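Colleague: Here it is: the structure, laid out below.
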Amino acid sequence: MLSLGLEKEIGAWDSVLLEPLTEDNFISNLLQRFKRDHIYTYIGNVLISINPYKKLALYSTDLVETYVKRGPFQLPPHIYAVAASAYRWLNDRNEDQFIIVTGESGSGKTEAARIVLQFLVLVSGDNPEVKLIKDRLVQANTLLEAFGNARTMRNDNASRFGKFLDIEFDYKGDPVGGYLTYCKSNKLEYIHLLKSLKLQRNVEHYNILQINGSQATQSDEEDRNLFIYTKSALNILGFSDEKVVDIFRIIAVVLKLGNLQFVPCNNIDGTDGCVICNEYELFEICELLGAEHRWLQRALTTRQVENGILADLNACEAAKVRDILCRTLYSRTFSWLINKINELLKVRYGKRKTWVC
Ligand SMILES: Nc1ncnc2c1ncn2[C@@H]1O[C@H](COP(=O)(O)OP(=O)(O)OP(=O)(O)O)[C@@H](O)[C@H]1O
1 MLSLGLEKEI GAWDSVLLEP LTEDNFISNL LQRFKRDHIY TYIGNVLISI
51 NPYKKLALYS TDLVETYVKR GPFQLPPHIY AVAASAYRWL NDRNEDQFII
101 VTGESGSGKT EAARIVLQFL VLVSGDNPEV KLIKDRLVQA NTLLEAFGNA
151 RTMRNDNASR FGKFLDIEFD YKGDPVGGYL TYCKSNKLEY IHLLKSLKLQ
201 RNVEHYNILQ INGSQATQSD EEDRNLFIYT KSALNILGFS DEKVVDIFRI
251 IAVVLKLGNL QFVPCNNIDG TDGCVICNEY ELFEICELLG AEHRWLQRAL
301 TTRQVENGIL ADLNACEAAK VRDILCRTLY SRTFSWLINK INELLKVRYG
351 KRKTWVC
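Residue numbers for the sequence shown follow full-length UniProt numbering, beginning at 1 and rising by one.
Here it is as structure tokens:
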């Protein structure tokens, strides 16, 4: 069994016990503990977690069991203690539970929510029906990250939306379904972020790997695995192969649309117009969409001024139209995906209580 290392514990587990309780003492207690890899500290019944940005031996099945058996504050602060306490209240007192995870970008919220979900998977029942629901909850989370997270300056896996995962339980404390709600933020709308979407890296690197095979770097390998993982999550959630291909086709269209470049040109009548300088991309997009080339070209470079009369867009306007099309395609695909996931997670029979994370 993983040692709890109680003898190595340092500082105050609970900040409210600090004497005197000043900001300086509070920070230096957190720092002292963090230096010894004690990333968790309580402040009353709130858990403070400091991102270690490295793998620590803090999570295991044995430790889950230990925290399930013991009450809060009997063991060092841990996210398992929070999850165990919520699970206990849910079962023993039949009360709905909320776990609110908050912090700045890169502070470890996504990771914390994932650890809580893993905890739930380990402590709840194992009959085939429950197992199926648990698999779906975990895969739903994987898909949300793949489609809704992107690499930013601060975080390789930054969420571009806020989310509520509502898990519903039966009277035995086993999950019977769930419901995902996401708050679309502007972050998901910014087109330049599409360039760093995790899925893009996956799709791109997967293609590169297909061609280059053995020359894969470690990060290519990682991206390839993520791509395969995402694909298998879609399959586990019950998306048909045909639907999976459709989803990746739309992602490819969005990425290729983003590559289109418009160069200014002058029309005979003296007005500004533009042409697409990398037309091969447009041909590929049309092939993926099953659309006719001249129609898409017209839609991107002109606008209707009156019934049947078209006016050319300048290069800047055309780029805006391209971006709006990308954004709309991506955000509708994302909403469609969430709706499909929710259909799959829907409770089939009477629920008893709720846990929201
Ligand atoms: N408990 C942890 N142990 C080890 N590494 C961690 C832990 N929590 C977070 N990390 C690391 O920090 C990175 C950023 O964490 P995470 O994505 O959870 O942040 P976040 O708060 O959800 O950010 P955002 O708000 O931008 O989505 C993770 O990819 C992981 O590498």
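For each residue, glycine too, the CB sits at the ideal point set by N, CA and C. Predicted, not measured: the structure shown is a model, and the values here were computed from it.
So which of Ala-81, His-38, Gly-103 has the shortest CA-CA distance to Arg-70?
Modeller: Indexing the sequence shown from 1 puts residue 70 at position 70. For Arg-70, the closest of Ala-81, His-38, Gly-103 by C-alpha to C-alpha distance is Ala-81.
Colleague: Let me know the alpha helix (DSSP H) ranges lying completely inside the stretch 315-342, each 4 residues or longer, listed in chain order.
Modeller: none
Colleague: Would Gln-97 be called buried (16 or more neighbouring beta carbons within 10 Å of its own) or exposed?
Modeller: Residue mapping note: residue 97 aligns to position 97 of the sequence shown, counting from 1. Per the 10 Å Cβ criterion, buried.
Colleague: Within 6 Å: the Cβ of Pro-52 and any heavy atom of ligand 1?
Modeller: Taking the sequence shown and counting its residues from 1, the one referred to as residue 52 is at position 52. Checking the Cβ of Pro-52 against ligand 1 gives yes.
Colleague: Return the CA-CA distance between Ser-335 and Ile-268, expressed in angstroms with no decimal places.
Modeller: By one-based count along the sequence shown, residue 335 stands at place 335. By one-based count along the sequence shown, residue 268 stands at place 268. Approximately 44 Å, taken between the alpha carbons.
Colleague: Would Leu-30 and Thr-41 qualify as a contact pair, given that the criterion is a beta-carbon distance under 7 Å?
Modeller: Sequence index remark: in the sequence shown, residue 30 carries index 30 (1-based). Sequence index remark: in the sequence shown, residue 41 carries index 41 (1-based). Yes, Cβ-Cβ distance for Leu-30 and Thr-41 is below 7 Å.
Colleague: Hey, is the stretch 296-309 in contact with the stretch 236-247, meaning 3+ C-beta pairs nearer than 8 Å?
Modeller: no
Colleague: Could you give the residue range of the alpha helix (DSSP H) that holds Pro-128?
Modeller: What you label residue 128 is simply residue 128 of the sequence shown in a count that begins at 1. Start and end: 128-148.
Colleague: Give me the Cα-Cα distance between Ile-27 and Tyr-67, rounded to the nearest whole angstrom.
Modeller: Position 27 of the sequence shown holds residue 27. Position 67 of the sequence shown holds residue 67. Rounded to the nearest whole angstrom, the C-alpha separation of Ile-27 and Tyr-67 is 26 Å.
Colleague: How is Ala-83 classed by DSSP in three states: helix, strand or coil?
Modeller: As a working note, residue 83 is residue 83 in the sequence shown. DSSP places Ala-83 in the helix class (H, G or I) of the three-state scheme.
Colleague: Do you know offhand how far Leu-255's Cα is from Asn-25's?
Modeller: The count along the sequence shown starts at 1 and reaches residue 255 at position 255. The count along the sequence shown starts at 1 and reaches residue 25 at position 25. Going from the Cα of Leu-255 to the Cα of Asn-25 covers about 50 Å.
Colleague: Which of the three DSSP states, helix, strand or coil, is assigned to Tyr-280?
Modeller: Here residue 280 corresponds to residue number 280 of the sequence shown, with the count starting at 1. In the structure shown, Tyr-280 sits in a helix (DSSP, three-state: H, G or I).
Colleague: Alpha carbon to alpha carbon, how far is Thr-328 from Asn-141?
Modeller: The residue you call residue 328 lines up with position 328 of the sequence shown. The residue you call residue 141 lines up with position 141 of the sequence shown. Roughly 23 Å between the two C-alpha positions.
Colleague: Please classify Lys-163: does DSSP put it in a helix, a strand, or coil?
Modeller: Within the sequence shown, residue 163 is the residue found at index 163, counting from 1. Of the three classes helix, strand and coil, the one that applies to Lys-163 here is strand, per DSSP.
Colleague: For Phe-169, which three-state DSSP category applies?
Modeller: Here residue 169 is taken as the residue at index 169 of the sequence shown, counted from 1. Residue state, collapsed to three classes: strand.
Colleague: Comparing alpha-carbon positions, which option in Ala-57, Thr-61, Ser-107, Trp-13 lies nearest Asn-45?
Modeller: The residue given as residue 45 occupies position 45 in the sequence shown. When only C-alpha atoms are compared, the closest one is Trp-13.
Colleague: I need the straight-line Cα distance from Tyr-59 to Asn-149, nearest angstrom please.
Modeller: Locating residue 59 in the sequence shown gives position 59, where the first residue counts as 1. Locating residue 149 in the sequence shown gives position 149, where the first residue counts as 1. Going from the Cα of Tyr-59 to the Cα of Asn-149 covers about 24 Å.
Colleague: Which residues in the same chain have their Cβ closer than 8 Å to the Cβ of Asn-314, if we skip the five residues on either side of it in sequence?
Modeller: As a first step, residue 314 must be located in the sequence shown, where it is residue number 314. If we look at Asn-314 and ignore the five residues flanking it on each side, its Cβ neighbours are Pro-264, Asp-272, Gly-273, Cys-274.
Colleague: Fully enclosed by the stretch 24-93, which alpha helix (DSSP H) runs are 4 residues long or longer?
Modeller: 61-69, 79-92
Colleague: Just verifying my parser: in three-state terms, what is the DSSP assignment at Asp-223?
Modeller: Your numbering for residue 223 matches position 223 in the sequence shown. Correct three-state label for Asp-223: helix.
Colleague: Do Leu-282 and Arg-322 count as a contact pair if the criterion is CB distance below 7 Å?
Modeller: Counting from one through the sequence shown, the residue named residue 322 turns up at place 322. Counting from one through the sequence shown, the residue named residue 282 turns up at place 282. Contact flag unset, no.
Colleague: Considering only C-alpha positions, which residue in the set Ile-338, Leu-17, Val-16 is nearest to Cys-183?
Modeller: Along the sequence shown, read from residue 1 onward, the residue named residue 183 stands at position 183. Comparing Cα-Cα distances from Cys-183 to each of Ile-338, Leu-17, Val-16, the minimum goes to Ile-338.
Colleague: Applying the 10 Å Cβ sphere with the 16-neighbour rule, what's the burial state of Asp-223?
Modeller: For the purposes of this step, residue 223 is taken as residue 223 along the sequence shown, with counting starting at 1. Buried is the call here.
Colleague: State the DSSP-derived secondary structure class of Asp-96, mapped to helix, strand or coil.
Modeller: Residue mapping note: residue 96 aligns to position 96 of the sequence shown, counting from 1. It is coil, neither helix nor strand.
Colleague: Relative to the alpha-carbon of Val-253, which residue among Ser-232, Lys-231, Tyr-280 has its alpha-carbon at the smallest distance?
Modeller: On the sequence shown, position 253 is the one that residue 253 refers to. Of the listed residues, the one whose Cα sits closest to Val-253 is Tyr-280.
Colleague: Closer than 6 Å: is that where the CB of Ser-60 sits relative to any heavy atom of ligand 1?
Modeller: If you number the sequence shown from 1, residue 60 lands on position 60. Ser-60 Cβ: outside cutoff for every heavy atom of ligand 1.
Colleague: Ser-105 and Pro-175 look like a contact to me (Cβ under 8 Å); what is the Cβ gap, rounded to whole Å?
Modeller: Reading the sequence shown from its first residue, position 105 is the one you call residue 105. Reading the sequence shown from its first residue, position 175 is the one you call residue 175. In fact, because the Cβ distance is near 29 Å, the residues do not count as touching under 8 Å.
Colleague: Considering Cα atoms alone, identify which of Phe-73, Pro-77, Ile-43 is closest to Asp-37.
Modeller: Translated into positions along the sequence shown, residue 37 becomes position 37. Looking at the Cα atoms, Pro-77 is the closest of the given residues.
Colleague: Using the three-state DSSP reduction, which class does Asp-246 fall into: helix, strand or coil?
Modeller: Locating residue 246 in the sequence shown gives position 246, counting from the first residue. Residue state, collapsed to three classes: helix.
Colleague: Where does Asp-272 fall in DSSP's three states?
Modeller: As a position in the sequence shown, residue 272 is number 272, starting the count at 1. It is a strand residue.
Colleague: Smallest Cα separation from Leu-181: which of Ile-341, Ala-83, Ala-158?
Modeller: Position 181 of the sequence shown, counting from 1, holds the residue named residue 181. The amino acid at residue 181 is misidentified as Leu; the sequence shows Thr. Of the candidates Ile-341, Ala-83, Ala-158, the one whose C-alpha sits nearest the C-alpha of Thr-181 is Ile-341.
Colleague: Could you compute how far the alpha carbon of Asn-207 sits from the alpha carbon of Leu-75?
Modeller: Counted from its first residue, the sequence shown places residue 207 at position 207. Counted from its first residue, the sequence shown places residue 75 at position 75. Only weak support exists for where Asn-207 lies, its pLDDT of 39 falling under 50; the value from the coordinates is given anyway. Asn-207 and Leu-75: Cα-Cα distance of roughly 48 Å.
Colleague: Please state whether DSSP places Phe-262 in a helix, a strand or coil.
Modeller: Numbered from 1 along the sequence shown, position 262 holds the residue referred to as residue 262. Phe-262: strand per DSSP, three-state reduction.
Colleague: Alpha helix (DSSP H) containing Val-121: first to last residue?
Modeller: For the purposes of this step, residue 121 is identified with residue 121 of the sequence shown, where counting begins at 1. Note, Val-121: alpha helix (DSSP H), 109-123.
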